[in-house]
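Numbering that gives the first Met the number 0 numbers the first residue of the sequence shown as 0 and each following residue consecutively. All C-beta atoms, glycine included, are put in the ideal place defined by N, C-alpha and C. Since the structure is predicted, the reported quantities are computational estimates derived from the model, not experimental observations. Heads up: the structure comes next, in structure tokens.
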Amino acid sequence: MSVTVILAVAVLPFIFLLKILFDFSQSSISSLPGPWYTRFTDIPFLYARLFGTSRHYLQRLHNIHGSIVRVGPKDVSVNSIDGYYKIHGVGSHCTKTPVFDKIRFSHSPMLFTMRDPQAHAQRKRILGRSLTAVRVDQEMTIRRLVEMAISQIKTEAEDGRVDVYKWWRCLAVDVMTEMAFGRSFDLLESGGQDSPVFKALEKVNMKVMLQAILPEVLMSPLKWAPIAWVRDVVCCTEVMFGHVMAALGELRHSPKCTTTMLGRILSEDNSKSRRAALNDDEMGSEAAMMIVAGSDSTAATLTYAVWEVLRHPILRQQVEDEVAALPSDFTAKEVEALPLLSNVLEEVLRLYNPTGAPVERLVPPSGISVDGWNIPGSTTVYTQSWLLSRLEGVFPQPEKFDANRFANPTPELKRAHVPFSIGSRSCLGMNLARMEIRLALALFFRECRGAQLHHSMTDDMMTQVGEFFIVPKAGRCDISVP
0 MSVTVILAVA VLPFIFLLKI LFDFSQSSIS SLPGPWYTRF TDIPFLYARL
50 FGTSRHYLQR LHNIHGSIVR VGPKDVSVNS IDGYYKIHGV GSHCTKTPVF
100 DKIRFSHSPM LFTMRDPQAH AQRKRILGRS LTAVRVDQEM TIRRLVEMAI
150 SQIKTEAEDG RVDVYKWWRC LAVDVMTEMA FGRSFDLLES GGQDSPVFKA
200 LEKVNMKVML QAILPEVLMS PLKWAPIAWV RDVVCCTEVM FGHVMAALGE
250 LRHSPKCTTT MLGRILSEDN SKSRRAALND DEMGSEAAMM IVAGSDSTAA
300 TLTYAVWEVL RHPILRQQVE DEVAALPSDF TAKEVEALPL LSNVLEEVLR
350 LYNPTGAPVE RLVPPSGISV DGWNIPGSTT VYTQSWLLSR LEGVFPQPEK
400 FDANRFANPT PELKRAHVPF SIGSRSCLGM NLARMEIRLA LALFFRECRG
450 AQLHHSMTDD MMTQVGEFFI VPKAGRCDIS VP
């Protein structure tokens, strides 16, 4: 099998050369602003995506060329509020690109990857009934798991330091699996170190990028690569899917089948929804995507919130005082009403938006006009909420953490703050994510009052890395708890 891999690698330069020649012959956007070489190739952009630096690459180009930048012979990056809403807002005719067809856990497409608007709307109606509203019993379950995470943090801190990122990751996975299947994967009990699900999640980021960039003819042979890490990356989604299908099998025979997110879909039995019901493969794909989308993103947000608050002693004292005033049996609604904690959360979502990959859409045949530029049909346009949240005209000193930035937001700031996207493709689980994060932060700053960053922590260790999901460079965030 290694011969196949060698041949695949050897032919790669020739494929790129043919791609350059073909793209140049097809280009119809050469008049748009951008580096000269992007008239011929998008390879520098693909390279940046593969190595998790696309947001910085695009940021440099937009700083030079403005809100519209050509990044390839058929590719344009857009970084303006009006452009973002034109591409993603309600009524937009821009659709997902063929790249999304390659991103899957099994044979079935997922809500996240569906390109057909009608199929997407039908799937969204099925899942939306279970995902958009968070019930009281679900809030109690989330709180129970958060309390378990805080207990583990305090116990491990007795040794002098504790990695909160690890425990936030365990919490996020256990919350998603408990909500979906009625039982967690027990990462909070085990610490997640030996969990195959945890190990698979660590590699999904790279797998998705490879699926998006490499043609299938090069992707498939990597299953037999001589390097174990490469094989693990290629197979990580299969590992995740296998564990999800096992959990779904248990759910079908569980008394919780009618109370969990996926269980309610399984148990639906009415004539209106029968034709839209999901088969096992479709259900498994959606469940796997829920876990992936709701784990690293939530864990990273919690980690950066703790990091920033503990970096600012006065802010830490203020947050601790605010959550200490809550009653012992406080609810998520009461936490949501806390002004300072809410402002901190929104600023963390702005500055450390955990979804860093450029989101691509296909321009309709009629083309679109953005910021005075005409973008022809069939062009691929890219946007990034990470970039949008750094527009200096909207967010003064955009690289600075300002806990009061959202205290009195301008209408323009509100429009530019889109951590969960907008329109029909916005995140279905945003309400669940916000509840989980608020409860976790409130309980953490109540129970771990006086916590400090461990002296070994540096700014470089918390640099954001990754593409599909952005995580701390060091893969940890150590604190001490008195």
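Within 10 Å of its beta-carbon, does Pro116 have 16 or more other beta-carbons around it, so buried, or fewer, so exposed? exposed
Count the other CB atoms, across all protein chains shown, that sit within 10 Å of the CB of Ser272; report buried if there are 16 or more and exposed otherwise. Legend: pLDDT at Ser272 = 47, less than 50; position of this residue unreliable, no value from coordinates given.
Does DSSP put Val70 in a helix, a strand or coil? strand
Contact set for Ala275: own chain, Cβ-Cβ below 6 Å, skip 5 residues either direction: Only weak support is given to the placement of Ala275: the predicted model assigns it a pLDDT of 47, under 50, and the value that follows is read from those uncertain coordinates. Around Ala275: Gln121 and Ile125.
Measuring CA to CA, which of Ser129, Trp372, Pro364 and Thr300 is closest to Leu350? Thr300
For Leu361, the three-state DSSP class (helix, strand or coil): strand
Could you tell me which residues DSSP puts in a beta bridge with Tyr83? In the DSSP output, where bridge partners are listed per residue, Tyr83 has none listed.
Would you kindly report the start and end of the unbroken beta strand (DSSP E) that includes Trp372? Trp372 to Ile374
Counting along the chain, where does the alpha helix (DSSP H) carrying Tyr36 start and finish? Taken as a continuous stretch (DSSP letters only), Tyr36 belongs to no alpha helix (DSSP H), as it is neither H nor E.
Using 10 angstroms around the beta-carbon of Arg46, count the other beta-carbons present and answer buried if the total reaches 16, otherwise exposed. Rather than Arg, the amino acid found at residue 46 in this sequence is Tyr. The residue in question, Tyr46, is exposed, as its Cβ has fewer than 16 Cβ neighbours within 10 Å.
Is there contact between the segment 462 to 477 and the segment 299 to 319, where contact requires at least three CB pairs shorter than 8 Å? yes
Which residues in the same chain as Gly191 place their Cβ atom closer than 8 Å to its Cβ, once the five residues preceding and following it in sequence are excluded? Lys165, Arg168, Cys169, Val172 and Phe197
Three CB pairs or more closer than 8 Å across the segment 403 to 417 and the segment 91 to 107: no
Quick test of your reading: Leu442 and Arg310, contact by CB under 8 Å. State the CB separation rounded to the nearest angstrom. Not confirmed; about 20 Å, so no contact.
Alpha-carbon spacing of Val369 relative to Asp81, whole angstroms: 7 Å
By the DSSP assignment, the alpha helix (DSSP H) with Val380 in it spans what residues? Unbroken run through Val380 is the beta strand (DSSP E), Thr379 to Thr382; no alpha helix (DSSP H).
Given Glu146, which residues of its chain have a CB within under 7 Å of its CB, disregarding the five upstream and five downstream residues? Leu442
Considering only their Cβ atoms, is the gap separating Ala179 from Met288 smaller than 8 Å? no
Nonlocal neighbours in the same chain, by C-beta distance under 8 Å from Arg251, ignoring five residues either side: Leu265
Could you tell me which of Gly127, Asp74, Pro357 and Lys101 sits nearest to Met429, measuring between CA atoms? Gly127
So, Arg48 versus Glu466, is the Cβ gap smaller than 8 Å? yes
Thinking just about the alpha-carbon of each residue, which of Ala156, Ser455, Ala118 and Glu398 is nearest to the one in Arg448? Ala156
Figure out for me which residue from Cys476, Val291 and Val362 has the closest Cα to the Cα of Cys426. Val291
Helix, strand or coil, according to DSSP, for Ser253 in the structure here? coil
For Ile478, three-class secondary structure by DSSP: strand
Considering only C-alpha positions, which residue in the set His87, Val89, Gly90 and Thr112 is nearest to Thr96? Thr112
Please classify Ser24: is it buried, with 16 or more other beta-carbons within 10 angstroms of its beta-carbon, or exposed? Low confidence applies to Ser24: its pLDDT is 49, below 50, so where it sits in the model is not reliable enough to give any reading.
Exposed or buried, Gln316, counting other C-beta atoms within 10 Å across all chains shown (16 or more means buried)? exposed
What three-state label does DSSP hand Asp328 in the structure shown? coil
Would you kindly work out how many angstroms separate the C-alpha atoms of Phe549 and Thr462, rounded to a whole number? Nothing about residue 549 can be read from this structure; the chain reaches only from 0 to 481.
Would you say Val308 and Val318 are within 8 Å of each other, going by their C-beta atoms? yes
Closest to Pro357 by CA distance: which of Thr330, Ile367, Ser455 and Trp385 is it? Trp385
Residue from Leu390, Ile152, Glu138 and Val233 with nearest C-alpha to Ser189: Ile152
Nearest-angstrom Cα separation, counted from Ser423 out to Gly293: 18 Å
Three-state secondary structure (DSSP) at Asp401? coil
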